[in-house]
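Participant:
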Amino acid sequence: MVAALSTEWFAGGRRCHRKVRITGGGGAVEATVVDECDSRRGCKDDVVDSSPAVWRALGLDTDAGEVRVTWTDA
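Every number in this note's numbering is 96 more than the matching position in the sequence shown, counting from 1.
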């Protein structure tokens, strides 16, 4: 399971290849940060983008497009 974080949260790459805990849909999973969602190029400032495996593990509808989740460093 992988994720991308918006620019500020990506922290200049300091979170790259580290695990974050994503909570939503009544569950929580750990995912590895592998990329930045560049806020200077159109990505919102509060984005956690993740693979479909994360959505499925949280029981979220992968067709929803966008849902509210929270995250912390794992």
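Glycine included, each C-beta is placed from N, C-alpha and C at the ideal position.
If you compare alpha carbons, which of 110, 109, 119, 169 is closest to residue 151?
Facilitator: The candidate whose alpha carbon is nearest that of residue 151 is 119.
Participant: On the three-state DSSP scale, how would you describe residue 158?
Facilitator: Note: residue 158 maps to coil in three-state DSSP.
Participant: Check the C-beta distance from residue 99 over to residue 127 and give it rounded, since I have them as a contact under 8 Å.
Facilitator: Sure, about 4 Å apart at Cβ, within 8 Å.
Participant: Which residue wins for smallest C-alpha separation from residue 155, given the options 138, 130, 121, 139?
Facilitator: Among 138, 130, 121, 139, the Cα nearest to that of residue 155 belongs to 121.
Participant: Leaving out the 5 sequence neighbours to the left and right, which residues in its chain are closer than 8 Å to residue 114 when beta-carbon positions are compared?
Facilitator: Same-chain partners within the cutoff: 128, 129, 169, 170.
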